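The numbering used here applies: residue 83 is where the sequence shown begins, and numbers increase by one.
For reference, the structure is listed below as structure tokens.
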Amino acid sequence: MKLNELAARLGTGQITAREHIEHVLKRINDLNGTPWENLIAGWDHQSRLAEAALEQADALDAHFLERGPRGPLHGVPVAVKDLVDVAGFPTRCGSGARNRAAPATRDADIVRQLHAAGAIIVAKTHLHEFAYGPTGAVNVDGPAANPRDPRRITGGSSSGSAGLVALGIVPLAIGTDTGCSVRTPAALCGITGLKPAAGALSTAGVFPLSTTLDHVGLLADTPTDAAFAWHALTGHSSRDAPRMDQLTIGRLHGPAWTIHDAEAAHAVDRAAEKLRTAGAVVVDVDLPHAEELIALYGVITGSEAYATHEEALRGTPDLFQPITRERLLAQRDRLATEYIHALRRRDQIRDECFVAMRDAGVDAVLTSTTPLRATAIGVEEVETTTGTVQVRAELLRMCIPFSMLGVPAVSVPAQHEDGLPSGVQIAAFPKAAAAGVGEAVVLALGGGVAA
């Protein structure tokens, strides 16, 4: 059932919140013992979370009888990445280094927004350890399995959130996106992932990876579902977007946008044609310094992540997964001047990119979300027509520039005959990126692509 349909049924009393939440909790419980059980973070506290969800459902049902629906997400079940604080429950971040974390004393801002809209938190979800990776395969409890093929990765780091939406267990989940962590798992699991503009959703109460680049994002089945959730949480509507025939879309070309998978490349071709047919102008463009942005991203996130974990790495390094520990310790000797230069250079490039897109008359850009589709769990390198590539780097490559620029970007699903999806990515630029409008543009365009 689509999110807007479910919200309408709950909001008009056709079904009660308790009825639906009981159904969802049973589906979550049924994951135990299956290849997808790791999509849930912390089975040891899932029963308490379920009890809290049912209590909230009863309270919402009582509210409905007295005053009507609590909000636009009245009774809607939502899963939350275990990087996000939910009061009364630990935030373990997928790491043994957080196994003894105390329960959060208050909800993260995004959880408070969800509650205010009437949503019910039904699960905390798996993530790539400390959100420091794009595969979803590194976690103290083991890797997350792709709903389309459990031998393959979900993508990350918002692995469990994407997986639960893709399985149809929840219609909406919360993730975070620093470099790709909502969009990549959305693409690999065949759903929609929205990274709003920087600062559009508060990161207060979210365990940091990179304090200057972290975003809170939304995962939903379709662009229409994501637009409904975006409107429910912010008041901004996809109706805020200009008409399709008023938009110019830049199709990105250049080395940073090389797509290795033929089906993923064809999906972008089809998306461009759909947008043309709908009335948009589609032109070829180059985003200045995209490869440099990718290199600077490693300096910024590495420096900020090491600063966050420095004390724990000194005290209990063995509690980190080996690859996470290795990657963090590699940042230990980075000079502060290199970090500061990277921040300044990012700002310079951002200004140049905005000017370039403005001069080209471009409202949004189009590319693939990832150059690969989901690889087998544990595979670190794959052969492509251009040679051997590193899976981790490739899953980040086409998403990083939009995180570094702070512009809204969405991954919308493209389905293929072999059952393994890819994602088409659309990002909006300042001409269309006034508060809430950029997200409206990418969601409207995404809806056109997915139709």
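All C-beta atoms in this analysis are idealised placements derived from N, C-alpha and C, irrespective of residue type, glycine included.
Small disclaimer: the values here were computed from a predicted structure and weren't measured.
Straight through space, the alpha carbons of residue 258 and residue 505 are spaced by roughly 18 Å. When beta bridges are read from the DSSP output, residue 272 appears opposite no residue. In chain order, 297, 488 place their CB closer than 7 Å to the CB of residue 280, counting only its own chain and leaving out the 5 sequence neighbours on each side.
The region 180-240 is shown to contain whole beta strand (DSSP E) runs of 3 or more residues at 202-207, in chain order. Counted as a single uninterrupted DSSP element, the alpha helix (DSSP H) harbouring residue 429 occupies residues 418-441.
Annotated as proximal: residue 447 and residue 367, with beta-carbon spacing under 8 Å.
Distance from the Cα of residue 403 is smallest, within the candidate group 155, 177, 88, for 177. The residue from 333, 492, 498 with its alpha-carbon nearest to that of residue 304 is 492. Relative to residue 131, the option among 152, 185, 142 whose CA is nearest is 185. Between residue 482 and residue 261 a beta carbon distance of about 5 Å is seen, short of the 8 Å cut, so the two are scored as contacting.
With contacts defined by Cβ atoms closer than 8 Å, residue 226 and residue 218 form a contacting pair.
Within its own chain, the residues whose Cβ lies closer than 7 Å to the Cβ of residue 385, once the five positions on either side in sequence are excluded, are 413, 416, 421, listed in chain order.
When beta bridges are read from the DSSP output, residue 448 appears opposite 333, 508. Between residue 209 and residue 175, the beta carbon gap of about 7 Å places them in contact (Cβ cut-off 8 Å). One Cα belongs to residue 342, the other to residue 369, and the distance between them is close to 19 Å. Between the region 458-476 and the region 352-365, the count of Cβ pairs shorter than 8 Å is below three; the stretches do not touch.
Three or more beta-carbon pairs separated by less than 8 Å link the region 523-531 to the region 303-319, which places the two stretches in contact. Of all C-beta pairs linking the region 283-291 to the region 493-512, fewer than three are shorter than 8 Å, placing the two stretches out of contact.
Here residue 110 is near residue 205, since their CB atoms are less than 8 Å apart. Here residue 362 is near residue 330, since their CB atoms are less than 8 Å apart.
If you draw a 10 Å sphere on the C-beta of residue 116, you find fewer than 16 other C-beta atoms in it, and that means exposed.
In the structure shown, residue 160 adopts extended strand secondary structure according to DSSP, grouped into three states. DSSP places residue 119 in no beta strand (DSSP E); its state is neither H nor E. Relative to the Cα of residue 444, the nearest Cα in the group 512, 495, 497 belongs to 512. Put simply, of 189, 274, 371, 106 the residue whose alpha carbon is nearest the alpha carbon of residue 284 is 189. Nearest in C-alpha terms to residue 86, of all of 314, 397, 461, 405, is 314. Burial is judged here by how many other beta carbons sit within 10 angstroms of a residue's own beta carbon; residue 108 has fewer than 16 and is exposed. Excluding five sequence positions before and after residue 276, the CB atoms of its chain that fall closer than 6 Å to its own CB belong to 299, 300, 308, 492, given in chain order. Only residues of its own chain outside the window of five on either side were considered, and among them 172, 173, 174 have a CB closer than 7 Å to the CB of residue 183, listed in chain order.
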